Amino acid sequence: MRFAARVEVQLRPGIADPEGATIERALPALGFDGVAHMRAGRSFSFEVDAPDEGAARRKATELADRLLANPVIEQSRLELEAL
Amino acid sequence: MAARIGVVVFPGTNCEYDVVGALEAAGGGGELLWHGDHHLSGVDAVVLPGGFAHGDYLRPGALARFSPIMESVVEFARAGGPVVGICNGFQVLTEAGLLPGALQKNGRLRFLCQAARLTVTSRASVLTAQATVGDELVIPINHFSGNYTCDADTLRQLNDDDRIVLRYVENPNGSLDDIAGIANAAGNVVGLMPHPERASNALLGSEDGLVLLGSLVGAVASVAAA
Amino acid sequence: MTSPAEKPLPDVALEKVPLHRALGLTDAEFAAVVAILGREPNHLELALYAVMWSEHCSYKSSRLHLKRLPTEGPSVLVGPGENAGVIDAGDGIAIAIRIESHNHPSAIEPYQGAATGVGGILRDIFTMGARPLAIMDPLFFGTPDDARQRWLVEGVVSGISGYGNSVGVPTVGGELTFDPCYAQNPLVNVLCMGALPTERLVLGIASGPGNLAVLLGNSTGRDGIGGVSVLASAGFAGDDGMGIGAGADDTKRPSVQVGDPFEEKRLIEACLELLDTKLVVGIQDLGGAGLACATSETAGRGGVGMDVELDAIPRREEGMEPWEVMTSESQERMLAIVTPESWPAVAAICAKWEVRAAVIGKVTAPGKRGGRLRIRHGSEGEVLADVPAASLSDDAPLYDRPRRAPEVVASVPVDPPKDCAGDLLSLLRSARWVFRQYDHQLFLNTVVGPGGDAALLRLAGPGLPPSERGVAVTTDSNPRSCALNPRMGTVLTLAEGVANLACVGATAVAVVNCLNFGNPEHAEVMWQLSECIDGLAEGCRALSLPVIGGNVSFYNESAGVDIDPTPVLGLLGLVEAVHAPPPGLAWSEGETVVLLGARASLAGGFPLDGTRWATECRTHRSGTLPPIDLGAHATVCAFVAGLVSAAVSGDGVPPFLGAVHDVSSGGLAVALAEMAAAAGVGCAVALDDAAELFTELPSRFVVTTTRPDELCTRAEDLGIPASVVGRAGGDRFCLGDLVDLPLDALCEAHEGNLAKMLGES
């Protein structure tokens, strides 16, 4: 089976996110009020071949944690969809 | 009186002192302008220098274009005032819509700080008016996102209107059509990735940037005289 | 002090041990705290002592030995113990310099580890009132033949590039060393040099009871908590009331921080403006041990006390415990001491640079027994901690750990080189792949950048008085030699630094050191450290050089195996006037090649033990090092420096030398090959003993000239051996009958070897 995977990588909560903070600081000057907790991240999409969803999830999670994110500072979130 | 050229400082800009020094070597006078101000203090020309305005967060130039001073810069450029963007300044000018196209990450996804050989390909700009078409200049580049790109129509127009002012002899970053610098249709707004201020002293390796900065100083003088 | 996690987490079940042990304090250290306070410390107080008395902050294992280093000299303005060493460079300009390690963080998160290493060292420099003008990065990795080593190299180089380039400080040099001993323990050292108008010099001292303690820069979060100690240990969450919090993720919270060069850039500009306008009384950066260190050190140095209002400290996260706030190593923060009258002006400058500024406490008058550091809720609220401020640093334990010379490895003779050309090609490795990722030109000062023997910069910068002078910086190390003999190896490393400076015309004026060693609880490691310090002291005394700053990184071990002793020395030199570039490595067609210095050792022959050739081409690691005559070394270095500085001053006399290069790592063959590659011009040099190609006898230079007779006469008048060995020219690289290579092949190896090793075409 083939699955579409989308992995979102963000810095862990509590780890400083300079990019998110800088964007947030710029917002009032552009007239955006009431926006808070801006966090930046990256998103990756790819397709995985696996016998079932569990196996696809394991493979994609390992890929995310070993390559796309450094679990020391980042966390990843996986969305999976059968194709 | 020496031409007064304003050098805009955004938080994160870092080439401002170098540009002021090199403008002086080219016979002009540079003064610093703060991004948070709304006016240009009556300067005769504006340089947006290199650096990492607002940390280059989001995209290089993406936040700087919203700095208060940029409204005045856009107005000044539309009125025909000379505006030059160097490196990060070029990125700001594209984000602000004063120049077409965009600057992507370098082809090999690495920061590059090295000498680049350039060919002058058009004199129709405030930055190249005193150079000679076909001249080769050695000027350092120093960027992560200097890979120029635009759509096919824009490229055709840039070529047709003689607005590609500098090209790389050996393309270091994957830029479309070897583009190192472009001008707007009127030639008063120019953006380039190489740093002419870093080629303003033989002691440091090259003086080839002086012809470009000298053109800018000369353009201001001729406007002032007119 | 900025480097966290210098000690790996102990591998014990911590739930069962007393809290002080879980925090890394011994029972004796705990007893000392009780004696200081006259009572048992509470949790917050214990945490303060634990981080401040950690190896990294207190230098408790090395301080005893570091005292033996000479630290004084006529131009020294500030010696070791402050944030950076400072020398008087003349013309009203002072130069601040410091070197540090960021080894352990870089091993687990190479990009951020290296980036925050750069950030930390910059703060040490601008804390002194100096604008940071140049960075250098000596890096050590395992052999990059596996994916992990490549990930480390790639990450560290990108981190330095990403932070250094955007913060706007040029990276002008460094070193890149590969050796299997660093596979689990990469070393990331960072040196920073800055300059200031001499009268702006400031120290990290609090004074004037009633003055305000102002925290500048980033908010405080949990990132990097307990980096310098063991507070981040997953083991001690739980029932003692000091648990790090809920959730398994939190208990594994890393000691790595995320750097923000944009915040740092604004912080630099704001702080320099505050110092220019004389609005601050004292200023101190926050590094290892965070606020605990900055508040206690500034108060302790000033002989005053400080009240810290915990609730006034801007935080990034909800629910932080007091000890977390006080020991967090969140980056890009400074502590300034300002008078209440100047506070509004300080706040205005910070607002302009978009730098957060918060009054977090005030200086208090000392009592009979010195000042107290008190941490409280609200300015008059509950006192959470109350300790003698100076005790956190001054009363830290001092250990004379056992030392033992390792068993002498039987010396195995090494076979002479056979395939000289092949060995030479394998030893060539330009670091251009690395340094072209670094901005090395900003400020328009870089006359000689990375790739030269030493970096040479004009002594100029925004806000500095005008000067014709140049400043030269080099970093050197020789762990191969130090593994054979740490004392001699360190002397040779120092000598190489002086020679490197001479190549750009500079005379050495000061030394900083970063001592990277294994586990100090291993008696052999303590012996290595002690020997290395004696070697450095001996060399510095002989060459009249003061040591003005240093850093010790211990616990570079894994699975019980220590790294080779790796003292990294940073040398600062001065040139009277810089009007022309120095000759550099590139020779020209037709010039005569002259070797200055002995062609053979006093005992005869060409020793190969401890050379790069023996280590890399033969995996040979035993034997004895060649001796060095430091007096003769000083003479030849002064001779070369004099010739080069005359050329650099542009005094109108036609330059004597066409090219200059010292003979060091890799020996004469590598030195000649690097010159040929730099020039794109070959050579024919008469050498007939294969060992002479690769020996690393000290105190030698290759120079080229069109006036060889005059040069040799002048050298010999000073007692310096000088021999004409060949001629530059052509498109082949020939060393007698031993090497005959087309120049192209040589250049390709020189330029391409590193990229190939890293798996890039």
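Protein chains in written order, with our numbering: chain Z, 1 to 83; chain E, 1 to 226; chain B, 1 to 761.
Note that the Cβ used here is the ideal one computed from N, Cα and C, for glycine as well.
This one's a predicted model, so the numbers in the text were calculated from it and none came from an experiment.
Query	Result
Identify every run of the alpha helix (DSSP H) within the segment 302-368 of chain B, keeping only runs that are complete inside it and at least 4 residues long; order them along the chain.	322-327 and 343-352
Select from the segment 40-63 of chain E all residues with a C-beta closer than 8 Å to any C-beta belonging to chain Z, and list them in chain order.	54, 55, 57, 58 and 63
For residue 253 of chain B and residue 70 of chain Z, I'd like the C-alpha separation in whole angstroms.	Residue placement at residue 253 of chain B is poorly supported in this model, since its pLDDT is 46, which falls under 50; the coordinates are not used for a value here.
Could one say the Cβ of residue 90 of chain E lies closer than 8 Å to chain Z's Cβ atoms, at least one of them?	no
Would you verify that the beta carbon of residue 144 of chain E is, or is not, closer than 8 Å to some beta carbon of chain Z?	no
What residues in its chain sit with their C-beta under 6 Å from that of residue 806 of chain B, if we drop five residues either side in the sequence?	This structure does not reach residue 806 of chain B, given that chain B is present from 1 up to 761, and the question cannot be answered.
What is the DSSP secondary structure of residue 759 of chain B, reduced to helix, strand or coil?	coil
Check the Cβ of residue 330 of chain B against every Cβ in chain Z and list those closer than 8 Å, keeping chain order.	16
Under 8 Å between the Cβ atoms of residue 139 of chain B and residue 174 of chain B?	yes
CA-CA distance, residue 81 of chain Z and residue 4 of chain Z?	5 Å
Does the contact criterion of 3 or more C-beta pairs under 8 Å hold for the segment 212-223 of chain B versus the segment 357-375 of chain B?	yes
Kindly say whether residue 73 of chain Z, judged by its beta-carbon, lies nearer than 8 Å to any beta-carbon of chain E.	no
Taking C-beta pairs closer than 8 Å, name the residues in chain Z that residue 66 of chain E reaches, listed in chain order.	26, 29 and 30
The ligand SAH heavy atoms versus the CB of residue 598 of chain B: any closer than 7 Å?	As presented, the structure is devoid of all ligands, the ligand SAH included, so that no description of it is given.
So residue 33 of chain B is in the alpha helix (DSSP H); what residue range does that whole segment cover?	27-37
So what does DSSP say about residue 52 of chain E, is it helix, strand or coil?	coil
Would you check if there are 3 or more beta carbon pairs closer than 8 Å linking the segment 527-538 of chain B to the segment 390-405 of chain B?	yes
Could you check the C-alpha separation between residue 197 of chain E and residue 122 of chain B for me, to the nearest Å?	25 Å
What separation, rounded to the nearest whole angstrom, lies between the Cα atoms of residue 68 of chain Z and residue 755 of chain B?	23 Å
Does residue 244 of chain B pass the burial test, meaning 16 or more other C-beta atoms within 10 Å, or should it be called exposed?	Interpretation of residue 244 of chain B is limited by its pLDDT of 29, a score under 50 that renders its predicted location unreliable; no figure is taken from the coordinates.
Residue 12 of chain E CB to nearest chain B CB: under 8 Å?	yes
Within 8 Å (strictly less), CB to CB, does residue 11 of chain Z reach chain B?	yes
Work out the CA separation of residue 648 of chain B and residue 447 of chain B for me, nearest whole Å.	10 Å
Residues in its own chain within less than 6 Å of residue 14 of chain E by CB, not counting five upstream and five downstream?	51
Name the residue from B:467, B:366 and B:293 whose alpha carbon lies nearest to the alpha carbon of residue 304 of chain B.	B:366
Please confirm whether residue 282 of chain B and residue 204 of chain B have their CB atoms less than 8 Å apart.	yes
According to DSSP, is residue 221 of chain B part of a helix, a strand, or is it coil?	coil
Could you round the C-beta distance between residue 213 of chain E and residue 200 of chain E to whole angstroms and report it? I think they count as a contact, below 8 Å.	7 Å
Please name the residue or residues paired with residue 104 of chain E in a DSSP beta bridge.	E:147
So with Cβ pairs under 8 Å, would you call residue 258 of chain B a contact of chain Z?	yes
Using a Cβ-Cβ cut-off of 8 Å, state whether residue 61 of chain Z counts as contacting chain B.	no
By the criterion of Cβ-Cβ separation under 7 Å, what are the contact partners of residue 165 of chain B in chain E?	111
Nearest-angstrom Cα distance between residue 219 of chain B and residue 338 of chain B?	20 Å
Are the C-beta atoms of residue 588 of chain B and some chain E residue less than 8 Å apart?	no
Does residue 413 of chain B come within less than 8 Å of chain E when only Cβ atoms are used?	no
Between residue 354 of chain B and chain E, is any beta-carbon pair separated by less than 8 Å?	yes
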